[in-house]
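S.K.:
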Amino acid sequence: MKFFLNSLGILLIASMILVSCNERQTNEKTKVWAWFSGSLTSTQTDSASDEQLEYYFAKAKETGIDAIILEVHGGYPKVDSTDTVDFTDYEAIDIINKTLPYAKKYGIELHVWLWTTNRCEKNLRTAHPDWYQVNAEGNSCLNIKLYNREHYRWLCPARPEALEYLKHRVAELAKIDGIAGVHLDFIRYPDAILPYGLHESRGVVQDKVYPLWDHCYCDFCRANFKSQTGIDPMTLENPTENAEWMQYRWDAITKLTNALAQEIHRYGKVATAAVFASPSESRKLVRQDWTKFVELDVIFPMIYHKFYNAEDAWIETATREGVDEMKVNQCNGYLCSGLFAGHVPVDKIDEMIAYATNGGSTGICFFSLEGINKTPNYWEKLKESIIKYKKK
Ligand SMILES: [Zn+2]
Numbered sequence: 003m004k005f006f007l008n009s010l011g012i013l014l015i016a017s018m019i020l021v022s023c024n025e026r027q028t029n030e031k032t033k034v035w036a037w038f039s040g041s042l043t044s045t046q047t048d049s050a051s052d053e054q055l056e057y058y059f060a061k062a063k064e065t066g067i068d069a070i071i072l073e074v075h076g077g078y079p080k081v082d083s084t085d086t087v088d089f090t091d092y093e094a095i096d097i098i099n100k101t102l103p104y105a106k107k108y109g110i111e112l113h114v115w116l117w118t119t120n121r122c123e124k125n126l127r128t129a130h131p132d133w134y135q136v137n138a139e140g141n142s143c144l145n146i147k148l149y150n151r152e153h154y155r156w157l158c159p160a161r162p163e164a165l166e167y168l169k170h171r172v173a174e175l176a177k178i179d180g181i182a183g184v185h186l187d188f189i190r191y192p193d194a195i196l197p198y199g200l201h202e203s204r205g206v207v208q209d210k211v212y213p214l215w216d217h218c219y220c221d222f223c224r225a226n227f228k229s230q231t232g233i234d235p236m237t238l239e240n241p242t243e244n245a246e247w248m249q250y251r252w253d254a255i256t257k258l259t260n261a262l263a264q265e266i267h268r269y270g271k272v273a274t275a276a277v278f279a280s281p282s283e284s285r286k287l288v289r290q291d292w293t294k295f296v297e298l299d300v301i302f303p304m305i306y307h308k309f310y311n312a313e314d315a316w317i318e319t320a321t322r323e324g325v326d327e328m329k330v331n332q333c334n335g336y337l338c339s340g341l342f343a344g345h346v347p348v349d350k351i352d353e354m355i356a357y358a359t360n361g362g363s364t365g366i367c368f369f370s371l372e373g374i375n376k377t378p379n380y381w382e383k384l385k386e387s388i389i390k391y392k393k394k
């Protein structure tokens, strides 16, 4: 009898676990995520006030959003420390601690979003200028303002010191109780070519890769690549045509990403990243071979289609390309398509979600809560679409 009861108990527990796993999988399938930059004032560096956090979390809950990816380290760190010994991102930790009660109150998962290879904190730039990327003209990205953007300062992903630094930054956030995961953004090289729809507004001609925008030719990478192949990449006439040199750079980002994902997992947290729209465009434009980011739990391609001069249906094409390649490369995680609210008119939300779903997206993500907020009727229409989406 005792044996029977024990077996029954085990059976019950096993079936409960099974049910909760199934439920979880079902929930993931139609999970709705949203990016929230939290920089709500004109200075770009101020984080949201308590009133704003209350407003956005309440709105998100009401609309059916399950997870918020909150930017805690961006291009313009609020506290630009001169301390070149302690690099702890206290500002990010403060933002998280301030936001967590709202996530708890509304039962919304909180993922912390940080900029990864694009790091412009002044203390790091002062202490370790040699860790930063160098272009094919031999200039460090610390000495030129790429695309006239002050924040375009990029760590070399191949440098072991850069990985160690980023592991520390990731760990100090991942270990905070109550957060669900860490989200890696700007985990790539600077744009060798900008997405095509941005060329005119940024005033660039990029019919091919030009040396000004082609990175990383730092001393470390040049020596490293030379020891592997016998070639100094600086001497290549057309570096983009050299398969090994392209592969070297793709691999550098891939290794860095997978190592950071493992670091996030050490704290029992979900590891995710935002990547460029499709695998082929990502490799070409920013040397990001993201379908090899096998250690990540969720990969969010930012399918902001109008920046690529693409039709709406390209959301489906790009999603499918990513899903198929991730399968071939045996990624552990899944793909969740990211849509840009500015490219998704209120009367087309269902249609755009359907493109992503048909392409194989698991869940859907929107950029951004602020973008949704500024368009009249967006919250209401999005809520209707989410209700329909979750019923499917
Ligand atoms: Zn380098």
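My numbering applies: residue 3 is where the sequence shown begins, and numbers increase by one.
We treat Cβ as the ideally placed atom computed from N, Cα and C, and that holds for glycine.
What you are looking at is a predicted structure, and each value in this text was computed from that prediction instead of being measured.
1) Along the chain, where does the alpha helix (DSSP H) containing Pro-162 start, and where does it finish?
2) Could you check which residue in Lys-80, Trp-156, Gly-109, Cys-367 has the C-alpha nearest to that of Leu-337?
3) In this structure, what does DSSP give as the bridge partners for Met-414?
4) What are the boundary residues of the beta strand (DSSP E) that Ala-273 is part of?
5) Starting from the Cα of His-217, find the closest Cα among Cys-158, Ser-229, Lys-210, Ala-275 and give me that residue.
6) Given 7 Å as the limit, tell me if Gln-135 has its C-beta closer than that to any heavy atom belonging to ligand 1.
7) Check whether the Cβ atoms of Leu-287 and Phe-278 lie closer than 8 Å to each other.
8) Would you mind giving the Cβ-Cβ distance between Gly-362 and Lys-33, rounded to the nearest angstrom? I have them listed as a contact below 8 Å.
9) Is the separation between the beta-carbon of Asn-260 and that of Glu-297 shorter than 8 Å?
10) Assign Ile-389 to one of two classes, buried (16 or more other C-beta atoms within 10 Å of its C-beta) or exposed (fewer than that).
11) Quick check on DSSP: helix, strand or coil for Leu-126?
12) Terminal residues of the continuous beta strand (DSSP E) containing Leu-112?
13) In angstroms, rounded to a whole number, what distance separates the CA positions of Tyr-58 and Lys-392?
14) How far does the alpha helix (DSSP H) with Trp-156 in it extend, from its first residue to its last?
15) So Val-330 is in the beta strand (DSSP E); what residue range does that whole segment cover?
16) In angstroms with no decimal places, state the Cα-to-Cα distance between Ala-254 and Met-304.
17) Beta carbon of Ala-358: closer than 7 Å to some heavy atom of ligand 1?
18) Is DSSP giving Phe-295 helix, strand or coil here?
19) Short of 6 Å in beta carbon distance, which residues of its chain neighbour Glu-382, apart from the five on each side in sequence? Order them along the chain.
20) Is the separation between the beta-carbon of Trp-156 and that of Tyr-191 shorter than 8 Å?
21) Going straight from the alpha carbon of Ala-276 to that of Asp-187, what length do you get?
22) Does the segment 132-148 come within contact of the segment 99-108, defined as at least 3 CB pairs closer than 8 Å?
23) What do you reckon, is the C-beta of Arg-161 under 7 Å from a heavy atom of ligand 1?
24) Distance check for Tyr-78 and Gln-46, CA to CA, integer angstroms please.
25) Does ligand 1 have even one heavy atom less than 7 Å from the beta-carbon of Cys-143?
26) Taking 7 Å as the cut-off, is the beta-carbon of Phe-38 closer than that to any non-hydrogen atom of ligand 1?
27) Using only CA atoms, which one of Pro-281, Asn-125, Asn-360, Asn-141 lies nearest to Asp-82?
28) Residues in the same chain with beta-carbon distance under 6 Å from Arg-251, minus the five sequence neighbours each way, listed in chain order, please.
29) Classify Asn-29: buried if its beta carbon has 16 or more other beta carbons within 10 angstroms, exposed otherwise.
30) Say whether the segment 173-186 touches the segment 256-273, bearing in mind that this needs 3 or more beta-carbon pairs closer than 8 Å, one atom from each stretch.
M.R.: In brief:
1) Walking along the sequence shown from the start, residue 162 turns up at place 160. First-last of the alpha helix (DSSP H) with Pro-162: 162-176.
2) As a working mapping, residue 337 is identified with position 335 in the sequence shown. Checking every option, the nearest Cα to that of Leu-337 belongs to Cys-367.
3) Any answer about residue 414 is impossible in this case: the structure gives the chain only from 3 up to 394.
4) Position 271 of the sequence shown, counting from 1, holds the residue named residue 273. 272-277 is the span of the beta strand (DSSP E), which, as asked, contains Ala-273.
5) Indexing the sequence shown from 1 puts residue 217 at position 215. The shortest C-alpha separation from His-217 is found at Cys-158.
6) Working through the sequence shown from its first residue, we reach residue 135 at position 133. Yes, Cβ of Gln-135 sits closer than 7 Å to a heavy atom of ligand 1.
7) As a first step, residue 287 must be located in the sequence shown, where it is residue number 285. As a first step, residue 278 must be located in the sequence shown, where it is residue number 276. Yes.
8) Numbered from 1 along the sequence shown, position 360 holds the residue referred to as residue 362. Numbered from 1 along the sequence shown, position 31 holds the residue referred to as residue 33. Not really, about 15 Å apart at Cβ, beyond 8 Å.
9) Numbered from its first residue, the sequence shown carries residue 260 at position 258. Numbered from its first residue, the sequence shown carries residue 297 at position 295. A contact, by the Cβ cut-off of 8 Å.
10) Here residue 389 corresponds to residue number 387 of the sequence shown, with the count starting at 1. By the neighbour-count rule (16 or more Cβ atoms within 10 Å), Ile-389 is not buried but exposed.
11) Along the sequence shown, read from residue 1 onward, the residue named residue 126 stands at position 124. The DSSP-derived three-state label of Leu-126 is helix.
12) As a first step, residue 112 is located in the sequence shown; it is residue number 110 there, counting from the start. For Leu-112, the enclosing beta strand (DSSP E) covers residues 111-117.
13) Residue numbering aside, residue 58 sits at position 56 when the sequence shown is read from its first letter. Residue numbering aside, residue 392 sits at position 390 when the sequence shown is read from its first letter. The alpha-carbon atoms of Tyr-58 and Lys-392 are separated by roughly 21 Å.
14) Indexing the sequence shown from 1 puts residue 156 at position 154. Unbroken run through Trp-156: none, as it is neither H nor E.
15) Start at 1 with the first residue of the sequence shown, and residue 330 comes out as number 328. That residue, Val-330, is in no beta strand (DSSP E); its alpha helix (DSSP H) goes 316-330.
16) Indexing the sequence shown from 1 puts residue 254 at position 252. Indexing the sequence shown from 1 puts residue 304 at position 302. In this structure, the CA atom of Ala-254 is about 21 Å from the CA atom of Met-304.
17) By one-based count along the sequence shown, residue 358 stands at place 356. Answer for Ala-358: no, Cβ out of range of ligand 1.
18) Against the sequence shown, residue 295 aligns to sequence position 293. DSSP places Phe-295 in the coil class of the three-state scheme, outside both helix and strand.
19) Here the question's residue 382 lines up with position 380 in the sequence shown. Cβ within range, chain order: n/a, list empty.
20) Along the sequence shown, read from residue 1 onward, the residue named residue 156 stands at position 154. Along the sequence shown, read from residue 1 onward, the residue named residue 191 stands at position 189. In contact: Trp-156 and Tyr-191 (Cβ atoms closer than 8 Å).
21) On the sequence shown, residue 276 is found 274 positions in, with the first residue counted as 1. On the sequence shown, residue 187 is found 185 positions in, with the first residue counted as 1. Going from the Cα of Ala-276 to the Cα of Asp-187 covers about 5 Å.
22) Under the three-pair Cβ rule at 8 Å, the segment 132-148 does not count as touching the segment 99-108.
23) The residue labelled residue 161 in the question sits at position 159 within the sequence shown. It does: the Cβ of Arg-161 is within 7 Å (strictly closer) of some heavy atom of ligand 1.
24) Residue mapping note: residue 46 aligns to position 44 of the sequence shown, counting from 1. Residue mapping note: residue 78 aligns to position 76 of the sequence shown, counting from 1. Residue confidence for Gln-46 is low, a pLDDT of 49 falling below 50, so the modelled location carries little weight and cannot support an answer.
25) Position 141 of the sequence shown holds residue 143. Cys-143 Cβ: outside cutoff for every heavy atom of ligand 1.
26) Here the question's residue 38 lines up with position 36 in the sequence shown. No, the beta carbon of Phe-38 sits no closer than 7 Å to any heavy atom of ligand 1.
27) If you number the sequence shown from 1, residue 82 lands on position 80. Residue Asn-125 is the option with its Cα nearest to Asp-82.
28) As a working note, residue 251 is residue 249 in the sequence shown. Answer for Arg-251: Arg-289, listed in chain order.
29) By 1-based counting over the sequence shown, the position of residue 29 is 27. By the neighbour-count rule (16 or more Cβ atoms within 10 Å), Asn-29 is not buried but exposed.
30) yes
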